[in-house]
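Peer 1: I have a structure here, written as C-alpha cells, and I will follow up with some questions on it.
Following this line, the structure appears as C-alpha cells:
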C-alpha cells in the first residue's frame, strides 16, 4: 500500500516549489476529487520552454520532493524526448509540457469539470 506519511497539500507545495526553482511557466492545479472515476486527486500542469528546461523541471521536482518528503514518483515517463513528461506520485500527477504540446493536448479543457487554480509566479 502507499505510504500516507506525506499529505497531498505538502506534496503539492513541494512540487510547485520545484517547478518555480527552475522557472517553470503557467502552473495550474486541477482538483479532481469531486469528479467520479478519476485516477488521482490532483493534476499539476506546467510548461517549460525547451527539452532542457522540461527535464530541469522534472529533476528539480524529484530532488526537492525526495529531500523534503522522502517520497519518490511511482512512475515517470516521457523524459526521452521531454515534450510531455508525466510524473506519477499516486494521488498527485504532474504534467510538464513544452508549450506547443500543452496547447495541442489541452488537458485543462479535457478536465473542465475540475476546480482549477492558477499559481502566480514572480518571475
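Numbering (my numbering), first residue to last: 106 to 228.
Ideal Cβ placement from N, Cα and C applies to all residues, glycine included.
Roughly how many whole angstroms lie between the Cα atoms of residue 219 and residue 148?
Peer 2: So the two alpha carbons sit approximately 10 Å from each other.
Peer 1: Can you look up residue 147 in the DSSP assignment and give me helix, strand or coil?
Peer 2: It is a strand residue.
Peer 1: Looking only at its own chain, which residues have a Cβ that is under 7 Å from the Cβ of residue 184, when we skip the five neighbours before and after it?
Peer 2: Result list for residue 184: 160, 163 and 190, in chain order.
Peer 1: Just the C-alpha distance for residue 179 and residue 199, rounded to the nearest angstrom, thanks.
Peer 2: The alpha-carbon atoms of residue 179 and residue 199 are separated by roughly 12 Å.
Peer 1: Looking at C-alpha atoms only, which residue of 121, 115, 142 and 212 is the closest neighbour of residue 165?
Peer 2: Here the closest residue by C-alpha is 121.
Peer 1: Which whole-angstrom value is the C-beta distance of residue 135 and residue 194, which I expect to be below 8 Å?
Peer 2: With 8 Å as the limit, residue 135 and residue 194 do not qualify as a contact, their Cβ atoms being about 14 Å apart.
Peer 1: What ranges does the beta strand (DSSP E) occupy inside the region 109-141, keeping only unbroken runs of at least 3 residues that lie completely in it?
Peer 2: Those beta strand (DSSP E) runs which fall completely within the region 109-141 and span 3+ residues are 130-136.
Peer 1: In three-state DSSP terms, what is residue 177?
Peer 2: Correct three-state label for residue 177: coil.
Peer 1: In whole angstroms, what separates the C-alpha of residue 106 from that of residue 216?
Peer 2: For residue 106, the pLDDT reaches just 36, beneath the cut-off of 50, and the residue's location in the model is therefore unreliable, although a value from the coordinates is still provided. Each residue's alpha carbon lies about 27 Å from the other.
Peer 1: Measure the alpha-carbon distance for residue 187 versus residue 157 and round it to whole angstroms.
Peer 2: Each residue's alpha carbon lies about 8 Å from the other.
Peer 1: Let me know the secondary structure DSSP gives residue 208 once reduced to three states.
Peer 2: Three-state DSSP puts residue 208 in a helix.
Peer 1: Looking only at C-alpha atoms, which of 153, 151, 131 and 172 sits nearest to residue 119?
Peer 2: Nearest C-alpha to residue 119: 172.
Peer 1: In whole angstroms, what is the alpha-carbon distance linking residue 140 and residue 192?
Peer 2: The straight-line gap from Cα to Cα measures roughly 21 Å.
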